[in-house]
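Counting from 0, one number per residue, gives the positions in the sequence shown under numbering that gives the first Met the number 0. See structure below.
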Amino acid sequence: MYKAVQVNKDTWWTGVNDYETDMFESLWPLPQGVAYNAYAVIGSTATAAIDTVKGPWLDEYTDKLTEALNGRALNYLVVNHMEPDHAGLISQLLTRWPSLKFIGNAKTAPMLKGYHGITDNIITVKDGDTLDLGGHVLRFTTVPMLHWPESMVTFDTTTGVLFSNDSFGGFGAHEGGIFDDEKNPSRWEDEMLRYYACIVGKYSNIVQAALKKLGGLPIKNIFPSHGTLFRHDPQKVISLYDKWSKYEGENGAVVVYGSMYGHTRKMAEAVCTGLSAAKVRDIRLYDASRTDPSYILRDIWKFKAIALLSCTYNTQLYPAMEAVCSKLLNRMPKNKFLGLAGSYSWSKGALTALQDFAEKVKLPKIGPEVEVYASATPEDLQKCFDLGVNLGEAMA
Ligand code: FEO
0 MYKAVQVNKD TWWTGVNDYE TDMFESLWPL PQGVAYNAYA VIGSTATAAI DTVKGPWLDE
60 YTDKLTEALN GRALNYLVVN HMEPDHAGLI SQLLTRWPSL KFIGNAKTAP MLKGYHGITD
120 NIITVKDGDT LDLGGHVLRF TTVPMLHWPE SMVTFDTTTG VLFSNDSFGG FGAHEGGIFD
180 DEKNPSRWED EMLRYYACIV GKYSNIVQAA LKKLGGLPIK NIFPSHGTLF RHDPQKVISL
240 YDKWSKYEGE NGAVVVYGSM YGHTRKMAEA VCTGLSAAKV RDIRLYDASR TDPSYILRDI
300 WKFKAIALLS CTYNTQLYPA MEAVCSKLLN RMPKNKFLGL AGSYSWSKGA LTALQDFAEK
360 VKLPKIGPEV EVYASATPED LQKCFDLGVN LGEAMA
């Protein structure tokens, strides 16, 4: 029998920990697992679940929801988001409670039909609409494209809990405690930023708009659908989201290279030496072939400078570097300084491809741009060193 956790007045965590899925969205590694947080609010006249969890966790989720309901029926399911990691059990809830009513917005209804064949008992809400459960009035705010079109958040006006869905979420399953005051921030903050960079960061301008839209609410707790629940210091994560969505990086550099035989890595190391000479103390050197792009994206979000170095492969960018550049183009980070270097043997190609990338990503370039034939000469390495120095000085 799985146990729910009471997280506020009449409010229960009915979520689950997933230590088995290797890749979130079949894309992003989960070395610390992931939590699907779901909730139940038990009013005096009606009951509501806030989202469900991913499909395979039916027994654990329903055990917890049943405990929270304490013998009562489930009257409403608030569907903040239709992505299947939160909407996976909607059909099963309807089987168990056939009179269940669904709360969503105009963009939710077609997805309820598409994923679950549900067309009845859907209550469509707009910004500011409320649902009175008796002692708990839930207020709904749409946050379209944060990160799906139907995304919305739910605010309990009685407890001050913001059920924020994916916003403020993070990778990493709960390891004992579920609240911010029960964990060391160093355990969740990096995984929250990696989640932000991979899942939410593309929509940073929308995050800014949403922060303004929610700014007037007296938020006391932020309970997201992944990761840590914030009851002690919700303002801290609001500030983090404000910083990340403004692309406000710290003084530091991410140096990423693609290298088959080590020659381009040697160039990257010279860039790092230059950065260090310029007194940059946070330098992250990543082999694009051996580091998952999610960690590279995380640190690119964290710091102000990026250096990309690639060997040429079949006249183009090295594939692992191409993957990094493609992910950056999808997210279009801002407020970063960019340095470039390429190498080649029987055909040029990498540096030109990086220059094309730089045009598209619209980040300010710092020189010199370095192109090396075969193995870097001392002069070539000096140019790589100079690139590191210049990147460091650009941030100063
Ligand atoms: Fe966690 Fe967008 O689903």
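Note that CB positions come from ideal geometry on N, CA and C, so glycine has one too.
> With respect to 7 angstroms, is the separation between the Cβ of TRP147 and the closest non-hydrogen atom of the ligand FEO below this value?
Replying inline: yes
> Cβ of ASP165 within 7 angstroms of any heavy atom in the ligand FEO?
Replying inline: yes
> Quick one: what's got a C-beta closer than 7 angstroms to GLN31's C-beta in the same chain, skipping five residues either side?
Replying inline: PHE170, GLY171, ALA172, GLU190
>> Given a cut-off of 8 angstroms on the beta-carbon distance, is the pair ALA287 and GLY248 in contact?
In response: no
>> Between which two residues does the beta strand (DSSP E) holding VAL77 run?
In response: 75-77
> Taking DSSP as the reference, what is the three-state secondary structure of PHE23?
Replying inline: strand
>> Do HIS80 and GLU174 have their beta-carbon atoms positioned less than 8 angstroms apart in this structure?
In response: no
> So LEU386 packs on ALA306, CB below 8 angstroms; how close in whole Å?
Replying inline: 7 angstroms
>> Taking the alpha carbon of LEU73 as the reference point, which residue from ALA105, VAL40, ASP84, VAL52 has its own alpha carbon closest?
In response: VAL40
>> Can you tell me where the alpha helix (DSSP H) holding ALA304 begins and where it ends?
In response: Run containing ALA304: none in the alpha helix (DSSP H); it sits in the beta strand (DSSP E), 302-312.
>> Taking its Cβ as the centre, do 16 or more other Cβ atoms sit within 10 Å of ARG297, making it buried, or is it exposed?
In response: buried
> Between ASP84 and the ligand FEO, is the CB less than 7 angstroms from at least one heavy atom?
Replying inline: yes
> Of all the options TYR260, VAL323, ALA252, which has the alpha carbon lying nearest to the alpha carbon of SER275?
Replying inline: ALA252
> Quick one: complete alpha helix (DSSP H) runs, 4+ long, within the region 11-91?
Replying inline: 57-68, 83-86
> What did DSSP end up calling THR107 once you bin it into helix, strand or coil?
Replying inline: helix
> Once you ignore the five residues that flank THR123 on each side, which residues in its own chain have a CB closer than 8 angstroms to its CB?
Replying inline: GLY103, ASN104, ALA105, THR107, ALA108
> For ILE365, does the three-state DSSP call read helix, strand or coil?
Replying inline: coil
> How big is the Cα-Cα spacing for VAL136 and GLY70?
Replying inline: 22 angstroms
> Would you call the region 275-285 and the region 151-170 in contact, with 3 or more CB pairs under 8 angstroms?
Replying inline: no
>> If distances are taken between C-alpha atoms only, which option among GLY176, MET266, TYR202 comes closest to PRO143?
In response: TYR202
> For LYS301, is the classification buried or exposed, using 16 other Cβ atoms within 10 angstroms of its Cβ as the cut-off for buried?
Replying inline: buried
> Should TYR75 be labelled buried (16 or more other beta-carbon atoms within 10 Å of its own) or exposed?
Replying inline: buried
> So ILE121 is in the beta strand (DSSP E); what residue range does that whole segment cover?
Replying inline: 121-123
> Can you tell which of HIS225, PRO97, THR129, MET0 has its C-alpha closest to the C-alpha of LYS53?
Replying inline: HIS225
> Is it true that the region 3-15 meets the region 219-234, where meeting means three or more beta-carbon pairs spaced less than 8 angstroms apart?
Replying inline: yes
> Under 8 angstroms, do ASP17 and TYR35 count as touching if we go by C-beta distance?
Replying inline: yes
> Are the beta-carbon atoms of SER309 and ALA349 separated by less than 8 angstroms?
Replying inline: yes
> Can you find a heavy atom of the ligand FEO that lies under 7 angstroms from the Cβ of HIS115?
Replying inline: no
> Out of curiosity, what's the CA-to-CA distance linking LYS235 and LYS265?
Replying inline: 40 angstroms
> Under 8 angstroms, do TRP56 and SER293 count as touching if we go by C-beta distance?
Replying inline: no
>> Classify SER166: buried if its beta carbon has 16 or more other beta carbons within 10 angstroms, exposed otherwise.
In response: buried
> Does the Cβ-Cβ distance between SER25 and GLY134 come in under 8 angstroms?
Replying inline: no
>> What does the alpha-carbon distance come out to for the pair THR351 and TYR312?
In response: 12 angstroms
> Just checking my contact of TRP243 with GLY200 at CB under 8 angstroms: how many whole Å lie between their CB atoms?
Replying inline: 7 angstroms
> So, THR118 versus LYS112, is the Cβ gap smaller than 8 angstroms?
Replying inline: yes
> Counting only runs that start and end within the region 180-251, where is the alpha helix (DSSP H) found for 4 or more residues in a row?
Replying inline: 184-194, 203-213, 233-244
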